[in-house]
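Chemist: If you're matching positions, the sequence shown starts at 482 in my numbering and goes up one per residue. Just so it is clear, CB atoms sit at the ideal spot from N, CA and C, and this is done for glycine as well. On a predicted model such as this, the values are computed, not experimentally measured, just so you know.
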Amino acid sequence: MTRKILFALYLLTMAAMAAATFIEKYKGTDFVQAHVYGAWWFTLLWAALAAVGVAWIIKRHVRRPSTLALHAALLLILMGALLTRTTAERGMVHLRQGAPTDTLFVDLGHDGVATRTLPFKLRLDSFAIAYHEGTDAPADYRSHLTIIDGGKETPATVSMNNIATHRSVRLYQSSYDPDLRGSVLAANADPWGIAVTYTGYALLLIALVWMLINPQATCRRLLRSPLLKRGAAALALLCALAPTAATAQPTMPAGQARAMGQLHVLWQGRICPLQTLALDFTRKLHGSRSYCGLTAEQVLTGWIFWGEEWSAEPFIKLKDGELKQTLQLPDYASLNTFFNPAMGGYILGPYVEEYYRGNNDAFHRQAADIDDKIQMVMELRRGLLLKIFPCTTGGATTWYAPTAPIPDSIGRPRKLFMQSAFSLLWAEVLAGRTATADSLIDKMAAYQRQNAGQSLPTAAQQWAERAYNAVPLPTILAMFCLAAGLLSLVAAIARLARPTATAARRSRLHGRLCLCAMAAAFAALTFCGALRWVASGNAPMANGYETMLLMAWFVMAASMALARRFSLALPLGLLTAGFFLLVSHIGQMDPAITAMMPVLNSPLLSLHVSVIMLAFALLALTFACAVTALAVAAARGHDGCHHACGPVARLQLLSRLLLYPALAALAAGTFIGAVWANVSWGQYWGWDAKETWALITLMTYAVAAHTDTIPALRRPLVYHAFMAVAFITIIMTYFGVNYFLGSGMHTYA
């Protein structure tokens, strides 16, 4: 009876959390915070789950120390959350420069805002925004203040990922006034909840490591299984991409366009080669890196210097959708298509206005998406995207476009060059005077070196970015891994069908070839990630595209680590990594390198994301095992399903070996993220949609580890079916929150 109640509460808790994320999409964050996460029944549900769980552990006479430590850690974390909810006080302090205040504004939800008094006063001495060198992209927000406590004054600085603490009150940078003479700090007083919660996190980490290394625990017992020397797998995925044909318009010669692409430009908040802007422009508008044999630099310069001709080119790729069908637009439309005098001029204008007035259905979203592409073309043709002229005065560098207003304070010679150089280049290019145009490009490059101050990328960064731009390694690797994995699949099926001595010899050769293929792909992906890291200056894990590459990297690493014990881990790894790389290529993820948001500039982010991606990679391999096992079971019937040493059983062993480190990484990564959130904005758990789904994922996969409580999961087919279904939670956590729910602070990815 206790077990049934425990299962019911467990499922009900996960269902309540999942439902809340969907309710939030339609009712808003405030509604679910008040009626679900902040409701008495939700707290009671967790309390009942914890109480029945403790009762079940006592009833089962669980004595293994690692297991007891793990569940004690979870209990401490829940107790810490309860203390935070009942004893903590959180609010906002609005500071104006030179005016001391001790007023704390506390949000009471539907009851409005109340004021409290801090046990000390705060005085803002100054507020400043630090920018990435030579750009307008914020790197940090800093409040320099004085803490006044009685007659003692203590200086302090609060910035992103840098808090100040006084009398158990933690101060975080939250916002600022537009005139930069005021700052808004979040204040959090939670001396009991944080202490208990962090104790739970520490005990959890110890228990997880203990669980993996304890000789008596399940993970180590699985490693002693005789099935480790056997293996079987099957998984398939195949895709095809069709190129499009068109007639290109006039542009620069390839060599001249390449020289133009080596100039630097302020783009997406950082200084990068013009080549990067050209690639982003071509990818965004046409969906590829080149066009009709022309490089991205040639495409960009074609639009710059021959804008009228290119406006008639069917260059803009349109996704299928209601707007495309309603207006009967082609797959590739020209810029002129959207400007029709007979239809009132800009045909998307009314729909875009309706979108920004709040009409957010699929029709209007597509109108806004196409309008975004068109505005990019218009800004390029007006010269606004081409911020290629730097000017350094007083140690600060500003980059100007040739058509932008240029202040007289920079000096007449520089102003004259900035205003005339591009016009002269335009005239020489149109006249076909190649030598003179090349000379002007060289002079513009020399001007950048002389006037950019410290804002230009280093030589290593320039080389890395050009090398990264030169070859689409992730796309090539996706095709390579899928093809190699598919061939490996065919060979594996052949060996399973005819287990002969010849097949055994071929198996060894096949294993070596697989290992070589995986090693080459791993080295190439590592090189690709290193290039992005050097070019951007940040670890490549700040957005959906980069984390998908990181997940593929972890899949490759895990497959090679398992290859000696499980020969078919490599085919599974190739196919799974290829799938992740393919998703990064064809998905809604932007591969552009961008400046990192200030709040993301924390070492805890790198640790949080890398550990979570490791967990997802391992769990993706368990999904591959599950799909393969179910396919083998369907093909081989009773023998393949029930034989104790059969392929389905061996795949279950492999899957369970992956499950335990995956659970440890998922739990550790989730709570490292909680610590990062507490350091960054003063709240270690805010029931954000992605946080909630990460917890649901952890709870779902934890079920598979409780084979003593759920004997049915010992049966291979039941286990594999559960693991196949469980992967839906990862899809929801990684993709669903970003691209469907669209709520919460994690949707920036």
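1) Considering only the alpha carbon of each residue, which of 853, 886, 1102 lies closest to residue 868?
2) If residue 666 and residue 624 are in contact, beta carbons under 8 Å, what's the gap, nearest whole angstrom?
3) So what does residue 570 bridge to, in DSSP terms?
4) Taking all protein chains shown into account, do 16 or more other C-beta atoms lie within 10 angstroms of the C-beta of residue 716, making it buried, or fewer, making it exposed?
5) Quick one, which of 1202, 548, 583, 530 has its alpha-carbon nearest residue 492's?
6) Using only the alpha-carbon positions, how far apart do residue 494 and residue 526 sit?
7) Can you look up residue 732 in the DSSP assignment and give me helix, strand or coil?
8) List, from N- to C-terminal side, the alpha helix (DSSP H) runs of 4 residues or more that fit wholly inside the segment 673-704.
9) Could you tell me which of 958, 866, 831 sits nearest to residue 849, measuring between CA atoms?
10) Using the three-state DSSP reduction, which class does residue 767 fall into: helix, strand or coil?
11) Mind listing, in chain order, the continuous beta strand (DSSP E) runs of no fewer than 3 residues lying wholly within the segment 844-931?
12) From 1183, 1042, 596, pick the residue whose C-alpha is nearest to that of residue 443; which is it?
13) Quick one, which of 608, 597, 737, 926 has its alpha-carbon nearest residue 637's?
14) Thinking C-beta only, is residue 628 closer than 8 Å to residue 635?
15) Roughly how many whole angstroms lie between the Cα atoms of residue 751 and residue 618?
16) Which of the three DSSP states, helix, strand or coil, is assigned to residue 660?
17) Please state if the CB of residue 1144 and the CB of residue 1109 are separated by a distance shorter than 8 Å.
18) What three-state label does DSSP hand residue 942 in the structure shown?
19) Could you check the C-alpha separation between residue 1211 and residue 599 for me, to the nearest Å?
20) Check whether the Cβ atoms of residue 1058 and residue 1020 lie closer than 8 Å to each other.
21) Between residue 998 and the rest of its own chain, which residues show a CB-CB distance below 6 Å, the 5 nearest in sequence each way excluded?
22) Thinking C-alpha only, which one of 605, 929, 768 is nearest residue 899?
23) Could you tell me which residues DSSP pairs with residue 1255 in its beta bridges?
24) Taking just the CA atoms, how far does residue 817 sit from residue 902?
25) Would you list the one or two residues that DSSP bridges to residue 627?
26) Between the beta-carbon of residue 926 and the beta-carbon of residue 743, is there less than 8 Å?
27) Quick one: what's residue 524 bridged to in DSSP?
28) My guess is that residue 626 and residue 689 are in contact by the Cβ rule of under 8 Å, so how many angstroms apart are they, rounded?
29) Taking the beta carbon of residue 1209 as the centre, do at least 16 other beta carbons fall within 10 Å, making it buried, or is it exposed?
30) Measuring CA to CA, which of 650, 621, 646, 630 is closest to residue 640?
31) Answer with buried or exposed for residue 839, where buried requires no fewer than 16 other C-beta atoms within 10 angstroms of its C-beta.
32) Just curious, the beta strand (DSSP E) that residue 831 is in, first and last residue?
33) Determine the closest residue to residue 611 out of 888, 1016, 877, with distance taken between C-alpha atoms.
34) For residue 619, does the three-state DSSP call read helix, strand or coil?
35) Quick check on DSSP: helix, strand or coil for residue 1187?
36) Is DSSP giving residue 1231 helix, strand or coil here?
Modeler: Answer, in terms of the structure:
1) The residue among 853, 886, 1102 with its C-alpha nearest the C-alpha of residue 868 is 886.
2) Confirmed, about 7 Å.
3) Beta-bridge pairing by DSSP links residue 570 to 670.
4) Caution is warranted here: a pLDDT of 32 is assigned to residue 716, below 50, making its placement in the model unreliable, and the coordinate value is therefore given only provisionally. Residue environment: residue 716 is assigned as buried (16 or more neighbouring CB atoms within 10 Å of its CB, all protein chains considered).
5) Out of 1202, 548, 583, 530, 530 has the C-alpha closest to the C-alpha of residue 492.
6) When rounded, the distance between both Cα atoms is 7 Å.
7) In this structure, residue 732 counts as coil in the three-state DSSP scheme.
8) If we require 4 residues or more, the alpha helix (DSSP H) runs fully inside the segment 673-704 come out as 699-704.
9) Cα-wise, what sits closest to residue 849 is 831.
10) Three-state DSSP puts residue 767 in a helix.
11) The DSSP assignment places 870-874, 877-881 as complete runs of the beta strand (DSSP E) inside the segment 844-931, in order along the chain (cut-off: 3 residues).
12) Here the chain comprises residues numbered 482 to 1230, so residue 443 is not present and cannot be evaluated.
13) Checked all of 608, 597, 737, 926; the closest Cα to residue 637 is 608.
14) Yes, the pair counts as a contact, with Cβ atoms nearer than the cut-off.
15) A straight line joining the alpha-carbon of residue 751 with that of residue 618 spans about 7 Å.
16) Note: residue 660 maps to coil in three-state DSSP.
17) Cβ atoms of residue 1109 and residue 1144: not closer than 8 Å.
18) Helix at residue 942.
19) Residue 1211 and residue 599 have their alpha carbons spaced roughly 43 Å apart.
20) No.
21) Only 965 meet the Cβ criterion.
22) With distances taken between CA atoms, residue 899 lies nearest to 929 out of 605, 929, 768.
23) This structure cannot settle anything about residue 1255, because the visible part of the chain is limited to 482 through 1230.
24) If I take the Cα positions, the gap works out to 29 Å.
25) In DSSP, residue 627 forms a bridge with 604, 636.
26) Taking the C-beta atoms as reference points, residue 743 is found nearer than 8 Å to residue 926.
27) In DSSP, residue 524 forms no bridge with anything.
28) 40 Å between Cβ atoms; not a contact.
29) So residue 1209 ends up on the exposed side.
30) Out of 650, 621, 646, 630, 621 has the C-alpha closest to the C-alpha of residue 640.
31) Here residue 839 is exposed, its C-beta having fewer than 16 other C-beta atoms within 10 Å.
32) Premise fails: residue 831 lies in the alpha helix (DSSP H), 830-837, not in any beta strand (DSSP E).
33) For the options 888, 1016, 877, the alpha carbon positioned closest to that of residue 611 is the one of 877.
34) In the three-state reduction of the DSSP assignment, residue 619 falls in the strand class, which pools E and B.
35) Residue 1187: coil per DSSP, three-state reduction.
36) No answer is possible for residue 1231: the residues shown for the chain start at 482 and end at 1230.
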